[in-house]
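In my numbering, the protein residues as written are 152 to 427. We put the CB at the ideal spot given by N, CA and C, even for glycine. For reference, the structure is listed below as structure tokens.
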Amino acid sequence: MKKRVIGIGDNVCDKYYPSKIMYPGGQAMNFSVYAKKLGADAAYMGVFGTDSVASHIIHTLEQFQIDYSRCRQYKGENGYAKVRLENGEREFIMSNKGGIVNEYPLDLNKEDLEYIRGFHLVHTSCNGHFDSQIFKVKEAGVPISYDFSGRWKQEAYIDTISSVIDYGFFSCPDASEDEIRQLCRRVVSNGCSLAIVTRGKNGSVVYDGIQFYSHVSKPVDALDTLGAGDSFAAAFLLSLLDTEDIETSMAAGAQFAADTCMINGAFGCGIPFEDS
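What follows is the structure, given as structure tokens:
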């Protein structure tokens with residue numbers, strides 16, 4: 152049976168300098184696009200502005216045939232970030248912190264929750280402006296995946312979120328083995344089923360409360376690492392939903408992340424832009 156998954160939270164365009172090409176992205180939107188590319192029935196829920204960035208994001212969702220029918224749109228600036236590439240590694244110059252979503256964050260209503268109940272999994276993140284709503288999703292009985300990105304040292308925040316979610320992702324490229332194990336144990340002890348840590352070139356670690364699993368990264372001469380973590384999460388989760396096997400899912404995540412590193416932007420679809 153085809154899995155139905157939904158990314159809820161951020162959508163942005165990453166504006167690349169000096170090429171002046173912008174690529175659609177954002178952790179929640181990336182998840183939806185990657186899941187669709189991997190064969191899932193994927194949807195996206197978030198907040199759009201009314202500028203050229205928003206128009207390109209909506210057009211991209213339509214291209215991938217991703218349902219965004221529960222999204223909101225308000226007059227104002229869509230989320231964006233300015234990015235520079237150095238030898239394939241992304242460097243964020245600045246962002247507008249999500250743009251219009253700061254004024255109009257998602258507030259799930261009865262119809263939204265009924266819609267969400269039709270999915271096998273919700274994926275969101277620390278950048279999704281959605282933390283206040285994940286308790287509603289939990290009460291709706293839908294498994295939740297959450298990407299903490301690099302916020303692995305913020306203990307109170309981790310404790311609050313990991314008590315509600317099922318899968319917690321962390322980016323810890325410079326953390327020691329001991330720090331990673333302590334983090335994973337903390338997350339799972341709070342009630343989260345799996346703690347998943349990506350370590351860049353050093354591979355990944357997963358902890359299920361009983362055993363630690365590790366997997367090496369697939370070495371590539373990366374064109375652009377943007378989206379590597381999100382693509383790992385999408386492939387890992389979809390494989391896990393199908394196989395319930397952690398090691399198989401880690402391998403799927405590593406392969407898809409390597410593939411993503413060979414594409415400009417999170418998943419391509421770049422268009423020229425002009426500075427306003």
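May I ask you to report which of helix, strand or coil DSSP gives residue i?
i: F243; result: strand
i: E395; result: coil
i: T376; result: coil
i: T201; result: coil
i: I157; result: strand
i: V348; result: strand
i: C164; result: strand
i: S322; result: strand
i: M196; result: strand
i: F299; result: coil
i: I331; result: helix
i: V367; result: coil
i: G416; result: coil
i: M152; result: coil
i: G100; result: Residue coverage of the chain in this structure runs from 152 to 427, which leaves residue 100 outside it and unanswerable.
i: I172; result: strand
i: I422; result: strand
i: V184; result: helix
i: S206; result: helix
i: V338; result: helix
i: S314; result: coil
Alpha carbon to alpha carbon, how far is residue i from residue j?
i: F281; j: G342; result: 20 Å
i: Q333; j: Q284; result: 28 Å
i: G230; j: E330; result: 33 Å
i: L213; j: S220; result: Here the sequence assigns Glu to residue 213, which means Leu is not the residue at that position. Between E213 and S220, the C-alpha separation is close to 11 Å.
i: D375; j: V367; result: 19 Å
i: D192; j: R155; result: 5 Å
i: T394; j: M152; result: 12 Å
i: E306; j: N278; result: 17 Å
i: Y364; j: S246; result: 35 Å
i: E398; j: V204; result: 38 Å
i: F104; j: L189; result: Nothing can be reported for residue 104, as the shown portion of the chain is limited to 152 through 427.
i: N162; j: N181; result: 8 Å
i: A386; j: K226; result: 34 Å
i: G351; j: F270; result: 30 Å
i: G197; j: D325; result: 31 Å
i: S340; j: D310; result: 9 Å
i: Y255; j: A232; result: 19 Å
i: C420; j: D165; result: 11 Å
i: S400; j: Y308; result: 27 Å
i: R209; j: I361; result: The question names Arg, but residue 209 is Ile in the sequence shown. Near 43 Å, if we compare the C-alpha coordinates of I361 and I209.
i: K304; j: S327; result: 13 Å
i: A403; j: R336; result: 24 Å
i: V348; j: G380; result: 10 Å
i: N415; j: D396; result: 31 Å
i: T211; j: N253; result: 23 Å
Which residues in the same chain have their Cβ closer than 7 Å to the Cβ of residue i, if we skip the five residues on either side of it in sequence?
i: D317; result: P294, I295, S296, C343 and S344
i: R235; result: Y168, E242 and I244
i: L264; result: K287 and A291
i: D202; result: E228 and N229
i: G249; result: D161, G230 and H280
i: I251; result: V198, G200, Y225, G227, E228 and N229
i: S390; result: T399, S400 and A403
Could you pull out every residue in the same chain whose Cβ sits closer than 8 Å to the Cβ of residue i, ignoring the five residues on either side in sequence?
i: F286; result: V315
i: P217; result: Per the sequence shown, the amino acid found at residue 217 is Ile instead of Pro. These residues qualify, in order along the chain: S183, V184, K187, A193, A194 and Y195.
i: I422; result: I172, M173 and H207
i: I157; result: S183, A193, A194, Y195, M196, I267, F270, L272, V273 and H274
i: C222; result: Y195, M196, G197, V198 and F199
Here's a check: name, in chain order, each residue in its chain whose Cβ is nearer than 6 Å to the Cβ of residue i, leaving out the five neighbours to either side.
i: A409; result: K369 and V371
i: G319; result: Y297, S313, V338, C343 and A346
i: G378; result: N181, T411 and A417
i: S300; result: C277 and S322
i: F215; result: V184 and K187
i: M413; result: L374
Is the number of C-beta pairs between the region 349-356 and the region 281-290 that are closer than 8 Å three or more? The region 349-356 is not in contact with the region 281-290.
So within the region 212-292, which uninterrupted alpha helix (DSSP H) runs reach at least 4 residues, ignoring any that extend past its ends? Counting whole runs of 4 or more residues, the region 212-292 contains the alpha helix (DSSP H) stretches 261-267 and 285-290.
The region 360-373 contacting the region 163-175, beta-carbon criterion three pairs below 8 Å: Taking 8 Å as the limit for Cβ pairs, the verdict is that the region 163-175 does not touch the region 360-373.
Looking at C-beta atoms only, is the number of pairs between the region 254-264 and the region 177-187 that lie closer than 8 Å three or more? Contact between the region 254-264 and the region 177-187 is not established, with fewer than three Cβ pairs separated by less than 8 Å.
With three or more C-beta pairs closer than 8 Å as the rule, is the region 260-276 touching the region 240-249? No: fewer than three Cβ pairs fall under 8 Å.
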